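Working notes, beginning with the structure itself.
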Amino acid sequence: LFDKEEYQLNVKQAYSTCHLNVARIYQNQNNYDAAVQLRIKALSIDKKTCHLTAKEKEAQVYFDIGEELFATDLDKSLQFSKKSLEIRQQILPVDHVTIGFSHQDMGAAYENKGMLDTAVEHYKKAIEIYEKHAFDKEEYQFNVKELYSQCHVNIARINSR
């Protein structure tokens with residue numbers, strides 16, 4: 091029915107998905123330590139992310155959890171986003187695009203908390219980084235040109251208040 095490579099790929103994807111599903115359950119129970127560990131395991135299995143270093147995986151996991159918590163718990167979202175940013179700043183070049191992703195998420199969280207000056211600071215940091223990557227050939231997790239524009243729109247919205 092399946093060739094061996096396709097079967098192995100399907101099993102790996104299912105295995106990774108199972109880890110993510112259990113991690114989300116732990117997350118919903120506020121057991122974030124267990125959720126982080128399972129998400130790191132899922133990234134280690136996934137062929138798109140298995141090449142990342144342990145610290146890059148950890149930063150990505152904190153980033154992902156921060157994004158998921160954005161709609162329900164801004165303080166917790168910021169806590170995870172800050173942790174992701176701290177790790178990324180320790181291990182990556184200062185203008186790495188994922189540092190921009192972290193700044194933009196933090197800007198959005200601060201904006202929603204009404205901390206507008208801090209939000210603008212983070213949006214501006216994201217813009218500085220995105221300017222350097224707008225024409226990269228590499229594909230990223232998000233469209234850098236769209237994010238660059240969105241940061242400008244967000245700052246304009248804040249300034250018009």
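One rule links them: number in our numbering = place in the sequence shown (from 1) + 90. C-beta: ideal position from N, C-alpha, C; glycine also. Every value quoted in this text rests on a predicted model; they were computed, and no experiment measured them.
Coarse secondary structure for residue i, derived from DSSP in three states
i: residue 188; result: helix
i: residue 154; result: helix
i: residue 136; result: coil
i: residue 224; result: coil
i: residue 229; result: coil
i: residue 161; result: coil
i: residue 204; result: coil
i: residue 120; result: coil
Extent of the continuous alpha helix (DSSP H) to which residue i belongs
i: residue 241; result: 234 to 249
i: residue 170; result: 164 to 181
i: residue 143; result: Looking at the DSSP string, residue 143 is not in any alpha helix (DSSP H), and its letter there is neither H nor E.
Local Cβ density within 10 Å of residue i, reported as buried at 16 or more and exposed below that
i: residue 81; result: Examination of residue 81 is not possible in this model, given that the chain is present from 91 through 251 alone.
i: residue 250; result: exposed
i: residue 247; result: exposed
i: residue 176; result: exposed
i: residue 161; result: exposed
i: residue 109; result: buried
i: residue 188; result: buried
i: residue 198; result: buried
i: residue 240; result: buried
i: residue 71; result: As shown, the chain starts at 91 and ends at 251. That puts residue 71 outside it, with no answer to give.
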